[in-house]
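Novice: So for the sequence shown, the working numbering puts the first residue at 1; every next one is plus one. Backbone N, C-alpha and C fix where the C-beta goes; we use that ideal spot for every residue, glycine too.
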Amino acid sequence: MNIQAILSIIIVCSFVGLTGALVYIEASDVVNMQLGDNSFLDILKILVGVLAASMSQVLNYWFSRGGAEKK
1 MNIQAILSII IVCSFVGLTG ALVYIEASDV VNMQLGDNSF LDILKILVGV
51 LAASMSQVLN YWFSRGGAEK K
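In structure tokens:
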């Protein structure tokens with residue numbers, strides 16, 4: 001397995017896991033320390049944004065690679 005595939009798997013799994021964690025934290029007040037104030041949630045939203053950008057790069061690599069090699 002090449003390094004691109006390993007990095008792609010890590011990025012996709014991280015994106016799915018953090019998105020699930022974000023949904024769980026938003027839906028559950030048990031996780032929140034104080035109702036309405038959660039600094040961890042803000043950091044998690046930033047991390048999801050960064051991973052979303054990485055996710056688009058991964059998809060671009062895998063779906064445009066075949067077209068670039070044919071030229």
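Taking a contact to mean a Cβ-Cβ separation below 8 Å, would you say lysine 45 touches leucine 22 in this structure?
Specialist: yes
Novice: What is the DSSP secondary structure of methionine 1, reduced to helix, strand or coil?
Specialist: coil
Novice: Using only the alpha-carbon positions, how far apart do aspartate 42 and serine 8 sit?
Specialist: 25 Å
Novice: I want to see whether chain C comes within less than 8 Å of threonine 19, judged by CB atoms only; does it?
Specialist: Among the protein chains of the structure shown there is no chain C, as only one such chain exists.
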